[in-house]
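Written below as structure tokens is the structure these notes are about.
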Amino acid sequence: MSNLNRNNRSSGSRRRTTTRTNRSRSGSRTRTGSNSRRRVGYSSSTRSGRNSRTTGRRDRYSRMSQEEINAAVRKERVRAREERFRRRKRQQTQKTIVTICVLLLCLLGISAFVRTQTHKDVKKESSKYEHLIYNTLKEKEEGEVTTPTPTPEATPTPDVSQIDTTTIESVYNPNMDKTGLEEIDQSALGDVDQIEYLKGLTPNGNVMEIINGTTYVDGILIVNKTYSLPADYVPKNAYIDLTGIDYSVYGINSTAYDAYLTMQEDAAAEGLSIEITSGYRSYDTQAYLFDDYTSRDGKEMADTYSSRAGHSEHQSSLCFDLNSINDSFTDTPEGIWIDENCWKYGFCIRFPEGKTEYTGYKYESWHLRYVGTELAEILYNDGDWISLEEYFGLTSAYYED
36 MSNLNRNNRS SGSRRRTTTR TNRSRSGSRT RTGSNSRRRV GYSSSTRSGR NSRTTGRRDR
96 YSRMSQEEIN AAVRKERVRA REERFRRRKR QQTQKTIVTI CVLLLCLLGI SAFVRTQTHK
156 DVKKESSKYE HLIYNTLKEK EEGEVTTPTP TPEATPTPDV SQIDTTTIES VYNPNMDKTG
216 LEEIDQSALG DVDQIEYLKG LTPNGNVMEI INGTTYVDGI LIVNKTYSLP ADYVPKNAYI
276 DLTGIDYSVY GINSTAYDAY LTMQEDAAAE GLSIEITSGY RSYDTQAYLF DDYTSRDGKE
336 MADTYSSRAG HSEHQSSLCF DLNSINDSFT DTPEGIWIDE NCWKYGFCIR FPEGKTEYTG
396 YKYESWHLRY VGTELAEILY NDGDWISLEE YFGLTSAYYE D
């Protein structure tokens, strides 16, 4: 009996052991599966969330038509794409910020280095001057120190052989330094086109330079009865090539001609018509004209309205005559408009009314000279024109007379 009970207990014990073993194996498998899912990033809460979302999506999709489902899917894809775009943009912004910070740090480093070097240089210069002062004081203790007075350097005379006055606008930059200059005696100049180089001051304090027989005052070319041009003077910076040409209405300085075209266009906008009727004249052409006027009216009368050869601004290509070339032009609408507006384009009335004692010529409302807008506004003088001779303090008289 006791043996039977013992055997039964042993059998029960074995069965319990077997059951526990099976449970442990089953639990081990369950834990192993759970651990494997945890390793790949899943959890029980994640699983339940995904299952619930999937179930909810199925339920939602089950109540939708196929078109609605497709639209919802597209919307989800768009949202996902926008999210990816925003993520990339944040990353790019972060990279840009990092790059800017690095550049700022580099600039700060460079600035600190430059300040250090500058401080060293200043310190070195200070040491040098301190040493110089020490030596000077030491010499003073031993005896009087005489400080040499620096001699001002003389302004060098330019090599005028290299200066082509026919293209002086683009070649020669006048030196306006007045140091050591004296006033030029204009009455003693004689034949100006024979002077190679002369520099001095006008009575009004302007700088005058005569270069190879061509006169400039504050950089402005001067041509009148006192100041002539050489017989072979042919300007090279004209609107057309003047080589071999004796007369041309287009033979005007390029800058002056552009200003004329603008003035002509503005006048036309107001219903006015202005035309150049006399432009460039060569030395020989002017000589022929003056001789013709002399034979007709006499030399004394011809000198009041015409220039002798070499003394005409027409040879410089910086002047021209408009329309009728006589006194009838003065009171025309065009003549009145020119008198009131030509200065805006850089032109002046070269021989203003009532200025014969300065210019040597009678009033010519049609004769314009290009001097640039700055000087032209000064000469306009709010409608009371000033001549170049008045402004610069120049004479206008033939030396032979």
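Residue numbers (our numbering): 36 to 436.
Quick reminder that beta carbons are idealized off the backbone N, C-alpha and C, glycines included.
Going by DSSP, G235 is part of the beta strand (DSSP E) stretching over Y232 to L236. Around the Cβ of E102, a 10 Å sphere holds fewer than 16 other Cβ atoms; the residue is exposed.
Where S330 is concerned, there is no enclosing beta strand (DSSP E), although the alpha helix (DSSP H) around it starts and stops at Y318 to D332. Per the DSSP secondary-structure output, T250 pairs in a beta bridge with I245 and I257. Inter-residue distance for R109 and R116 is about 10 Å (C-alpha atoms, whole angstroms). According to DSSP, residue pairing for R404 in a beta bridge involves C354 and C383. Distance from the CA atom of G407 to the CA atom of I287, rounded to whole angstroms, is 14 Å. CA-to-CA, the gap between L138 and T128 works out to about 15 Å.
Contact annotation: the segment 294-310 does not touch the segment 219-239, with fewer than three C-beta pairs closer than 8 Å.
Rounded to the nearest whole angstrom, the C-alpha separation of L277 and N358 is 23 Å.
Annotation: the continuous beta strand (DSSP E) that includes I311 extends over I311 to S313.
If you draw a straight line from the Cα of E399 to the Cα of T430, it comes to about 19 Å.
The Cβ atoms of L256 and L353 lie closer than 8 Å to each other.
Leaving aside the five residues that flank D356 on each side, the residues in its chain whose CB is nearer than 6 Å to its CB run, in chain order, T312, S313, W401 and H402. Here T249 has T200 as same chain residues with Cβ atoms under 6 Å from its own Cβ, once five neighbours each way along the sequence are excluded.
Only exposed fits P368, as fewer than 16 other CB atoms lie within 10 angstroms of its CB. P270 is a Cβ neighbour of S351, given a cutoff of 8 Å. With respect to G381, Y405 sits close: the two C-beta atoms are nearer than 8 Å. DSSP, reduced to helix, strand and coil, places A266 outside both helices and strands of the structure shown, so it counts as coil.
Classified as exposed, L142 has fewer than 16 neighbouring CB atoms from the shown chains inside 10 Å of its CB.
In this structure, the alpha-carbon of S308 lies about 14 Å from that of C377.
It is roughly 39 Å from the alpha-carbon of E300 to the alpha-carbon of P238. Taking a C-beta distance under 8 Å as the contact criterion, K390 and S422 qualify as a contact pair. The three-state secondary structure of S342, taken from DSSP, is coil. In summary, I373 is buried, with 16 or more beta-carbon neighbours lying within 10 Å of its beta-carbon over all protein chains present. Classified as buried, C383 has 16 or more neighbouring CB atoms from the shown chains inside 10 Å of its CB. Taking I280 as reference, the option from S317, Y274 and M298 with the minimal CA-CA separation is S317. DSSP places E117 in the helix class (H, G or I) of the three-state scheme. In the DSSP annotation of this structure, the continuous segment of the alpha helix (DSSP H) that includes E424 starts and ends at L423 to F427. Counting other Cβ atoms within 10 Å of its Cβ, D338 reaches 16 or more and is therefore classed as buried.
Of all alpha-carbon atoms in D417, N361, E218 and D253, the one lying nearest the alpha-carbon of K397 is that of N361. Around D253, the same chain offers P209, M211, N241, V242 and F427 as residues with beta carbons nearer than 8 Å, after the five sequence neighbours per side are excluded. Per DSSP, reduced to three states, the secondary structure at E305 is coil, with no helix or strand assignment.
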